[in-house]
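Data block below; observations after.
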Amino acid sequence: GKTGVVWVKTVGTNQRGEVVLEYYRWVMVHKRDPSTPTGAADRPPMPEEVAPADLVVPADLDLSQYEDWPTGGSAYFEDYERDEKIDHVDGMTIQEAEHAIATRLYQNTAKVHFDAVQTKDTRFGRRLMYGGHVISIARALSFNGMEKVLGILAWNGGAHANPTFAGDTIYAYSEILDKADIPGRTDCGALRVRLVGLRDVQPTAAGFPLKVSKEGRDVYHEDVVLDLDYWLLVPKRNR
């Protein structure tokens with residue numbers, strides 16, 4: 099093929115040298131010589147998830163005065179069940195202009211997201227919507243049904259399953275994969291959640307498959323654009 103994958107570990111520190119962010123990712127890179135072997139069998143070992151014991155909550159987070167009413171939601175940590183699926187109901191249609199503005203703010207300058215002339219000669223024939231913008235939309239949609247989420251504690255993994263283009267309407271649903279108490283905290287807990295973004299298909303569509311068989315292997319359905327796995331911080335009812 100014309101591309102290969104490079105696995106990268108990134109570590110971010112603050113001015114005191116303390117690690118504030120650490121993650122692994124795989125990057126698709128063009129080959130100079132298409133015949134170069136990719137070494138796909140040499141994939142380095144990487145953790146499958148962030149263990150609950152490694153989740154970090156800010157020590158100064160005080161939930162003793164947390165108020166219920168501003169979010170409009172009623173569900174606390176105790177109310178979510180493993181294997182529960184939540185349809186976030188709303189959809190959002192992506193527009194060229196808003197995508198361009200947002201992607202600039204994300205400091206992404208890749209031509210494939212902006213240059214309509216050059217992208218005419220690509221395999222898609224048009225501008226590709228930046229995946230970070232699609233993640234932002236799906237995450238915003240997930241507020242409906244998970245209103246009390248305080249933030250993202252860690253990412254376990256994820257996939258940009260298929261490309262997204264202007265005019266596509268994004269829908270989303272969440273699946274509760276796991277629940278965990280956080281060491282040293284009795285006022286909040288962690289939910290492990292799978293967030294799936296769909297294109298032009300509502301989550302309630304009967305019989306809609308996440309993956310399909312293609313050429314002898316399972317691949318994402320063409321209308322699945324995101325499949326994310328992360329830990330969320332949620333307050334408990336009894337604090």
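Heads up, the sequence shown is in the numbering used here, so the first residue is 99 and it goes up one at a time. Just so it is clear, CB atoms sit at the ideal spot from N, CA and C, and this is done for glycine as well.
Simplified DSSP assignment, three categories, for residue i
i           : result
residue 280 : coil
residue 207 : coil
residue 287 : strand
residue 215 : coil
residue 333 : strand
residue 322 : strand
residue 170 : coil
residue 241 : coil
residue 236 : helix
residue 222 : coil
residue 165 : coil
residue 150 : helix
residue 263 : coil
residue 139 : helix
residue 179 : coil
Cβ-Cβ separation, residue j to residue i (assumed contact under 8 Å), whole Å
i           : j           : result
residue 274 : residue 180 : 6 Å
residue 104 : residue 110 : In fact, because the Cβ distance is near 19 Å, the residues do not count as touching under 8 Å.
residue 175 : residue 243 : Actually they are not in contact, since the Cβ atoms of residue 175 and residue 243 sit about 14 Å apart, beyond 8 Å.
residue 285 : residue 337 : 4 Å
Extent of the continuous beta strand (DSSP E) run through residue i
i           : result
residue 257 : 249 to 258
residue 128 : 117 to 128
residue 342 : It is not possible to answer for residue 342, since the shown part of the chain is limited to 99 through 337.
Segment limits, alpha helix (DSSP H) that includes residue i
i           : result
residue 194 : 194 to 203
Any chain C beta carbon closer than 8 Å to residue i
i           : result
residue 261 : Although the question refers to chain C, the structure presented lacks it and comprises just one protein chain.
In DSSP terms, what residue i is bridged to
i           : result
residue 327 : 255 and 292
residue 310 : 317
residue 272 : 184 and 293
residue 190 : 268
| query | Do the stretch 220 to 233 and the stretch 152 to 164 meet, that is, are 3 or more Cβ pairs less than 8 Å apart? | reply | With a cut-off of 8 Å, the stretch 152 to 164 and the stretch 220 to 233 do not count as touching, because too few Cβ pairs lie within range.
| query | So does the stretch 245 to 256 actually touch the stretch 326 to 333, counting three or more Cβ pairs closer than 8 Å? | reply | Using a C-beta cut-off of 8 Å, the stretch 245 to 256 makes contact with the stretch 326 to 333, since at least three inter-stretch Cβ pairs fall below that distance.
| Counting Cβ pairs closer than 8 Å, one from the stretch 196 to 204 and one from the stretch 132 to 142, do we hit at least three? | Too few Cβ pairs lie closer than 8 Å, so no.
| query | Is there contact here, the stretch 191 to 202 with the stretch 300 to 320, by at least three beta-carbon pairs under 8 Å? | reply | No contact exists between the stretch 191 to 202 and the stretch 300 to 320.
| Sufficient close CB pairs (3 or more, under 8 Å) joining the stretch 157 to 168 to the stretch 253 to 273 | Output reads no: the stretch 253 to 273 does not touch the stretch 157 to 168.
| query | Is there contact between the stretch 311 to 326 and the stretch 282 to 300, where contact requires at least three CB pairs shorter than 8 Å? | reply | Contact between the stretch 311 to 326 and the stretch 282 to 300 is present: 3 or more CB-CB pairs across the two stretches fall below 8 Å.
| Cβ contact check for the stretch 248 to 266 and the stretch 181 to 195: 3 or more pairs under 8 Å | Judged by Cβ distances under 8 Å, the stretch 248 to 266 makes contact with the stretch 181 to 195, as three or more pairs qualify.
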